[in-house]
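Residue numbers (my numbering), protein chains in the order written: chain U, 3 to 714; chain C, 3 to 714.
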């Protein structure tokens, strides 16, 4: 077992190294010039606004967490959960909030420095600073993901191992409690992501409409007091929310794989190894990301004056490629060393996962990059007005769901069968879940190339508000454009992995209830041809993402309306010289909207699996999980790509000097329609899908017991 | 058996009576004044354009039909189909095309008469004429639905009955061939509905944008040469397409119920009765519709001068209520008389169906009528620009999927269990399919209150183009508003019934392959937890409606673009006095677009079930059917209600005198975005859902045999 102990410590080593590098990178960034006094003031205002929002958000979350802890406590009392789950849930949420704060802090400390670099030294150095800061964010993600999963695993393993009883029994407790940990992380991420998403888009839509369309101001014009809220939004939504989202996905995938490893190897001597492997592949991902970050940082810092958008794009993308290759290499040796030559199928499954993530990302590019036909056609259709443009944007978004769905299907079927799923379903699903872990193990690098976009966006905002030379803004816009492209791939990986993880989690649920229902004499047939309750569960599942989308974008619409009304009033007063504008009002308006907007979804996420379980039984819950996955996946890709393509169509028109033309106004309308789709509702889908699954697992024993008592 | 023969003849009697009334109604309308020479010219131009379009459409359809007939012939040769199927397929298509032509003919002969009545005698008489014509359309639907199903049934029953062999064997052939008949009807309806939908919306979007937004002309302004195409579109899409769609739904539901009756009662003396019952309930629906039409016609004709929108709306809605009540009454006696007291559960199931259709319609109203919060809020959000308005429209559309989904789930579960599905699955599904028949048996009346909207729309167009007093247009607009409300209910019934029919058809497929797969030693487990092929099938199914929507609204977008470019040119020339405008060019542009737009969907509909079957096996096909149903249902309701609410939000702003304001422009953008959603893609979903099911059934034996040979 001593080899095992070494393996159990490896993730901590990975976390420690990543932490040191993250601190070094942050220090490097902090040494740079923050710019003139006005720039610093604006940057500070953004930081203060972001912190105020996150504090407010944390307050609401704590209330939610307390309520859920009480419910969990009751469940513990009745024997439906283990005690440590209570702590696991809280720490899962705590880590998620923490990473949101850290990422926000890094980006708000970096934004004006990027502006200054863009002003003094041009694109290359601006990119260098933004990428370094983003890398620090990505590394912190790696630190937290490795540290928290490994810590909980080791503590629980030690705790339950003390009794010296059967390994399988110990690990049963361990993985059960880890699921609660995931729920905490996912639930907090859901708040961070969707609350942030509502905040940022309500501010953005409102500010843009009054500023650009009505008052003819430029984006982020200093005379538009809603601008600060818009920039705060980037930090709390696209940075803080995105990091929490990635953490949730990654940790969720690791723990699902552990859970399925437990089910697949329950009676095998490989049990402990199969549970350690997902953590070790993740550690390999952190190391691979570190190597890639250094290579890309080195390359970028050599560009200096002759950096271009296309150079930077291909450099960052090749970084992702390097990371993936290294993960494959490391996974090969890890699987070989830990599991042995007889289990190399797990390695093949993980290649499938990595490839799938990469391909989904590339298809995203195909549909959202202005180099390709869809976005070009959308921009072209601006000639016949905003409606045709929006319709085209929606049409291409829907079309874009086809290829990623095929990739997920193929990857799922491949991972399942290569892992021997045709003779052993559990083993096949362990393979599927490891594929999801491999896909997500590149997360630190994915965040590094994802987060610098919003930082650049902020930097541009500061340039505008500080009335710097328009050239500075142009430079940061280029950086933003690179960021948009690479962020698209990151989003593809997140939704692809969510689909695969949810499939595995659905099975985990099914396995978990299997023994129980057998004991109770409940026969659970997951056959929608024989039991209409299964079809009903699928139906409810398919509708849920529609309901959540409507709630989320509805909140954005309502809040944006309020921002518009307030902004009109303030801009009018400012133009008349009556006031200097009051940016804080906007932050208050959108903070309130964001808080209100997540309360109902937050309650529903916990209520739906329980209600469906009580009405339709355990089979209905499995169907619910799958239904949510299916339509959530399709809607997520549809919304992300519609929004992305509409955004880039607008940028294309601007680049071609179309600003101020009717085509440009049409494209601004399109961009604004796409905004809440791609940045509020779309990204929340992957968390929704998984939360429905893990909450179902968490409440499984309770629900099945009650259902059995009520109806049988 | 002599009682049986009487029952077999009853549908013909119903058809005959309906036919006579339809002829009388048409003659009544044709006696009315067609208006001045200019009005007649415009009406003729619309008729000629519509006919030209339908002829062109028919040509393409014939090519498709020939190709499919050849494929079917090969299948017959290899023993996968019966010979009469070839004829059944052709006649199914033929009836569908025929009803499209007839309905178009009635409405184009009526439009200017409604204009004239609105001019001379006001709202009451205009409504009277429009409703009488629409009733004729509805009755013709009843004639065709009863006549063709009864004729085929009797001919086949006689043909296979000659041999004097076992009733079950005879009826097996009969229902198999009837399925092919449905495919013909559905496939033709798909062309009529989506081709017409592309035509009408491309013309509408293009004409509106250039006319209203760019050139400041009013809707249907005579100076906008794209207007004729727009009015042609109403007749080929909203009238011809809608009628073909209703025929397909109704006939499809009858035949599915017959198919499931066969499966449920195969070994019972009730076999023949169970197969006749759906036709008889439908006949009851025709009689109920006739009664309601007379009551409503009587009421409307008494209104004369003091007709108002709200009076007319509640009158027509109460007519639907009367029809439903009468169907319930008739069904009670029919079930009692034919099946006996022991089978009254079928009656309860049919009440469930009727109620579900009615409720889905009412929920549609809730989300699209300007009296209620959603549409009012959308109109309100016009204050912050087109983007917020569109976003709100999409959000409410998504929200609106929730209640109808619950209704379908409840109705399905209710009909299933009340029919004893818990002990006999086949019986439960027969109940579900009879529920769909009952829901659709009100179709003649539903068409009567659906088709007068487009007629009124045309009448308004003629008023505008003939430069009549604006008051005339206002009168027809009111009629149009009433029509929009009642049409919403009709759409609700169509999609609700499609969902329920598809569920039944999925089961029919499963039953059909059951014996075959058993013989071949293929085990088909419809358990997405045990076989990833099932999940893959569901996944493909869920994506298909997204793909079709993108293809259809993409075609509209592209064609609208062309219309805009041409209209700009022509309007410019006309304003400069260089030309008088050439309306025919527009008809050519949109006809071509409509034709091109349906080719790929047309091929895919046949290819997908076969390809999925060969790759994923019969279990995958069942999953495909269900996946398509689930997301198709959600998308259909989302798109219909988003579009409806956006349309009515615009109308509300116009009614409140907002024309010309920025709010109004915003609402025009919203309406235009909603147009292809609600009138092109949305309505095609219900046909898509069923076509995927029936094509799967048709190719089942072929696919299962090949799959078995290839993979086992």
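All C-beta atoms, glycine included, are put in the ideal place defined by N, C-alpha and C.
Please return the same chain residues whose Cβ sits closer than 6 Å to the Cβ of residue i, not counting the five positions on each side in sequence.
i	result
residue 429/C	266, 421, 422
residue 9/C	278
residue 173/C	264
residue 268/U	170
residue 3/U	Low confidence applies to residue 3/U: its pLDDT is 48, below 50, so where it sits in the model is not reliable enough to give any reading.
Let me check you understand the geometry: is the CB of residue i closer than 7 Å to at least one non-hydrogen atom of the ligand ADP?
i	result
residue 297/C	With respect to the ligand ADP, the structure offers nothing, as it holds no ligand at all.
Considering only C-alpha positions, which residue in the set the options is nearest to residue i?
i	options	result
residue 156/U	477/U, 11/U, 569/U, 458/U	11/U
residue 140/C	355/C, 291/C, 217/C	291/C
residue 319/C	268/C, 463/C, 398/C, 485/C	485/C
residue 296/U	312/U, 73/U, 446/U, 503/U	446/U
residue 703/C	513/C, 547/C, 595/C, 272/C	513/C
residue 390/C	460/U, 462/U, 467/U, 558/U	558/U
residue 149/C	15/C, 520/C, 96/C	15/C
residue 604/U	454/U, 62/U, 27/U, 111/U	62/U
residue 435/C	502/C, 476/C, 400/C, 450/C	502/C
residue 499/C	481/C, 190/C, 259/C	259/C
residue 653/U	40/U, 377/U, 623/U, 560/U	377/U
residue 245/U	308/U, 99/U, 443/U, 381/U	99/U
residue 747/U	442/U, 226/U, 314/U, 232/U	What is shown of chain U runs 3 to 714, which leaves residue 747/U out entirely.
Hey, residue i and residue j are a contact pair by Cβ (cut 8 Å); roughly how many whole angstroms apart?
i	j	result
residue 554/C	residue 636/C	Not a contact, Cβ separation roughly 16 Å.
residue 256/C	residue 439/C	6 Å
residue 182/C	residue 87/C	4 Å
residue 192/C	residue 689/C	5 Å
residue 451/C	residue 132/C	No, residue 451/C and residue 132/C are not in contact; Cβ-Cβ is about 10 Å, not under 8 Å.
residue 619/C	residue 535/C	6 Å
residue 634/U	residue 687/U	4 Å
Which residues in the same chain as residue i place their Cβ atom closer than 7 Å to its Cβ, once the five residues preceding and following it in sequence are excluded?
i	result
residue 563/U	none
residue 469/U	224
residue 504/U	627, 631, 691, 692, 695
residue 474/U	117, 120, 121, 465
Who are the near neighbours of residue i in its chain, counting only those whose CB is closer than 8 Å to its CB and skipping five residues on each side?
i	result
residue 341/U	272, 275, 276, 279, 348
residue 282/U	9, 12, 13, 336, 340
residue 7/U	none
residue 78/C	84, 85, 87, 88
residue 185/C	91, 94, 693, 696, 697, 700
Going along chain D in order, which residues have a C-beta closer than 8 Å to the C-beta of residue i?
i	result
residue 226/C	You won't find chain D in this structure, because its protein chains are U and C.
Original post:
Taking a cut of 7 Å between CB atoms, which residues from the stretch 674–697 of chain C lie near chain U?
Top reply: 674, 675, 678
Original post:
Within the chosen definition, does the stretch 671–682 of chain C reach the stretch 642–649 of chain C through at least 3 CB pairs nearer than 8 Å?
Top reply: yes
**OP:** Using a Cβ-Cβ cut-off of less than 8 Å, list which residues of the stretch 388–400 of chain U approach chain C; keep chain order.
**Re:** 388, 389, 390, 392, 393, 394, 396, 397, 398, 399, 400
Original post:
Is the number of C-beta pairs between the stretch 112–127 of chain U and the stretch 206–219 of chain U that are closer than 8 Å three or more?
Top reply: Verdict: no, contact absent.
**OP:** Evaluate the contact criterion for the stretch 403–414 of chain C versus the stretch 249–260 of chain C: three or more CB pairs, one atom per stretch, below 8 Å.
**Re:** Flag = no, the stretch 403–414 of chain C and the stretch 249–260 of chain C do not touch.
**OP:** Decide yes or no for the touch test of the stretch 203–214 of chain C against the stretch 381–397 of chain U: beta carbon pairs closer than 8 Å, at least 3 of them.
**Re:** yes
Subject >> Under 7 Å (Cβ pairs) to chain C, residues found in the stretch 630–650 of chain U >> reply: 632, 633, 636, 640
**OP:** Count the CB pairs spanning the stretch 488–506 of chain C and the stretch 359–372 of chain C that are closer than 8 Å, and state whether there are at least three.
**Re:** Touching, yes.
**OP:** Return the residues of the stretch 122–155 of chain C that lie within a Cβ-Cβ distance of less than 7 Å from chain U, sorted by chain order.
**Re:** none
Original post:
Of all the residues that make up the stretch 355–382 of chain C, which are near chain U by a beta-carbon distance shorter than 7 Å?
Top reply: Against chain U - using a Cβ distance shorter than 7 Å - the stretch 355–382 of chain C contributes no residues.
**OP:** Please list the residues of the stretch 563–579 of chain C that have a C-beta atom closer than 7 Å to any C-beta atom in chain U, keeping them in chain order.
**Re:** Listed in sequence order: 563, 566.
**OP:** Would you check if there are 3 or more beta carbon pairs closer than 8 Å linking the stretch 99–108 of chain U to the stretch 49–57 of chain U?
**Re:** Segments in contact, yes.
**OP:** Using a Cβ-Cβ cut-off of less than 7 Å, list which residues of the stretch 229–250 of chain C approach chain U; keep chain order.
**Re:** none
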